[in-house]
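Okay, structure first, notes after.
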Amino acid sequence: MLGLGLRQVQEALNKKADEIQHEFVAVSDELETISRRILEVRGEDRAQLRQEQEALRAKQAELAGEVNTWRERARAVTQQRGEAGLRASMEELKTLGDPLVAYAAQQALEMMDAPEEALARLQAGQEASPLTPAARLLQRARREYDLRQADSAPRQRAAVEFANRRGIAQDDDALHELEQAMADPNPMVRELAILTCVQVYRIRSLRLAELDLAHDAVQRLAKIDHRAAVGPLIEVVTQPRTGYTNTDTGPVEGDNAKSRMVALLRLVEWHTPDAQTAIRSLRFDRDPHIVRVAEKSLEVFPGEWKGPLKTTPDKPA
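The opening residue of the sequence shown carries number 692 in my numbering; numbering runs sequentially from there.
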């Protein structure tokens, strides 16, 4: 049962990181707006905007550092050695000023001190508790008529709705559950799992401040052989953005050029009309590497693109 308590502590810490992540995205959007305005003005107005730009960059770096700190705290929860180390860690978390984290840490401490009989009763109640959110979603594909039809639109809507619930896109346990279900023998469950994973990967690819985690999501998205992956891949390749990578000396600002290249190459393999349209627009991209690969792809495949180049079976949208 202590494992349950520690998982709740991790969830509270990750929720705090998610809240700061939302702030980071808002600052990034504001920074992009100011960067565009700088190109449109002159003189004192430009100087003022540059000052605002520097202030926002400093705020962006500060928020990125805070996100990393809270994520690291979440990872460290299950890495403590011995009861004394775990207790010290929980006591420290109680002093960080976040009510939800403090409550979860106190609950974990109480579980450590609880008699075995009380833990046994709590265990019995937990075993009778409802399924996880991901399991409930997949169960719907086995039971609900609208999700068991040949038309995949209801499954797509369910996938989008689930992935956009607060905290789901950052929930590694839920994602792992969905990834396991991508091999389910039931075709409706399998497709719902695939569609939901696509949506989770999309959110991670486009919104995470940590570029390494975002790139991992793009790589997973590129491996999916379902037409639903094409749209998110187009979003990735057509939306250059900045973020941060972790180094030994702390977070370093970077961009998603590597992820965009992965998406571009996969879109060439998908060879769909919308992929071709997106790649045509990249001939005017600000990244010369993207421009070169886009132009080469259109040169090698000059005709109308009508379907996947890969030999693996395509799943219909």
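C-beta atoms are modelled at their ideal positions from N, C-alpha and C, and glycine is treated no differently.
Which value, in whole angstroms, describes the spacing of the CA atoms of residue i and residue j?
| i | j | result |
| --- | --- | --- |
| Glu995 | Gln830 | 41 Å |
| Val991 | Pro979 | 18 Å |
| Glu782 | Ile970 | 53 Å |
| Lys1006 | Pro999 | Reliability fails at Lys1006, whose pLDDT of 47 lies under 50, so the model's placement of it is uncertain and no value is given. |
| Asp903 | Thr929 | 19 Å |
| Glu870 | Gly773 | 33 Å |
| Arg728 | Glu745 | 14 Å |
| Gln967 | Ser843 | 24 Å |
| Asp864 | Tyr892 | 14 Å |
| Lys997 | Ser988 | 15 Å |
| Leu784 | Glu714 | 22 Å |
Tell me which residue opens and which closes the alpha helix (DSSP H) that residue i is part of.
| i | result |
| --- | --- |
| Asn759 | Gly734 to Ala767 |
| Glu986 | Pro979 to Val991 |
| Thr968 | Pro964 to Ser972 |
| Tyr935 | Segment Thr933 to Thr938 is the beta strand (DSSP E) holding Tyr935; no alpha helix (DSSP H) there. |
| Ile925 | Val921 to Val928 |
| Pro878 | Pro878 to Arg898 |
| Met802 | Pro790 to Asp804 |
| Glu774 | Gly773 to Lys785 |
| Pro845 | Ala844 to Ala854 |
| Gln871 | Asp863 to Ala872 |
Among the options, which residue has its Cα nearest to the Cα of residue i?
| i | options | result |
| --- | --- | --- |
| Ala884 | Leu899, Thr968, Ala905 and Val851 | Val851 |
| Gly788 | Lys949, Met952 and Ala703 | Ala703 |
| Asn855 | Ile915, Val953, Asp863 and Thr887 | Thr887 |
| Lys940 | Asn759, Arg834 and Lys914 | Inspection of the sequence shows that residue 940 is occupied by Thr rather than by Lys. Ranking Asn759, Arg834 and Lys914 by Cα distance to Thr940 puts Asn759 first. |
| Ser950 | Val959, Gly922, Asp907 and Ala919 | Asp907 |
| Pro993 | Tyr836, Val959, Gln739 and Gln770 | Val959 |
| Leu956 | His917, Thr823, Pro845 and Gln910 | Gln910 |
Among residues of its own chain, excluding the 5 on either side of residue i, which ones have a beta-carbon nearer than 6 Å to its beta-carbon?
| i | result |
| --- | --- |
| Gln832 | Correcting the residue type first, residue 832 is Ala in the shown sequence and not Gln. Excluding residues within five positions, the ones whose Cβ falls inside 6 Å are Leu838, Met879, Val880 and Leu883. |
| Pro1004 | With a pLDDT of only 44 at Pro1004, under the threshold of 50, the placement of this residue in the model should not be trusted; the figure read from the coordinates follows. Cβ within range, chain order: n/a, list empty. |
| Glu762 | Correcting the residue identity first, residue 762 is Arg in this sequence and not Glu. Closer than 6 Å at Cβ, skipping near neighbours: Ala708. |
| Glu868 | Ala825 |
Mind reading off the beta-carbon distance from residue i to residue j? Whole number of angstroms is fine, and I expect it under 8 Å.
| i | j | result |
| --- | --- | --- |
| Leu747 | Leu730 | Contact doesn't hold; Cβ gap of about 16 Å is too wide. |
Following the continuous beta strand (DSSP E) through residue i, name the residue where it begins and the one where it ends.
| i | result |
| --- | --- |
| Gly941 | Gly941 to Asp946 |
With 7 Å set as the bound, which would you pick, yes or no: does the beta-carbon of residue i sit closer than that to a beta-carbon of chain D?
| i | result |
| --- | --- |
| Ala844 | Absent from the structure is chain D; it holds one protein chain and no more. |
Tell me which residues share the same chain as residue i and place their Cβ nearer than 8 Å to its Cβ, disregarding the 5 neighbours each side in the sequence.
| i | result |
| --- | --- |
| Asp946 | Leu902, Pro931, Arg932, Thr933 and Gly934 |
| Val768 | Leu697, Val700, Gln701, Leu704 and Ser780 |
Below 7 Å CB to CB, which residues in the same chain sit around residue i once its five sequence neighbours on both sides are set aside?
| i | result |
| --- | --- |
| Glu986 | Arg974 |
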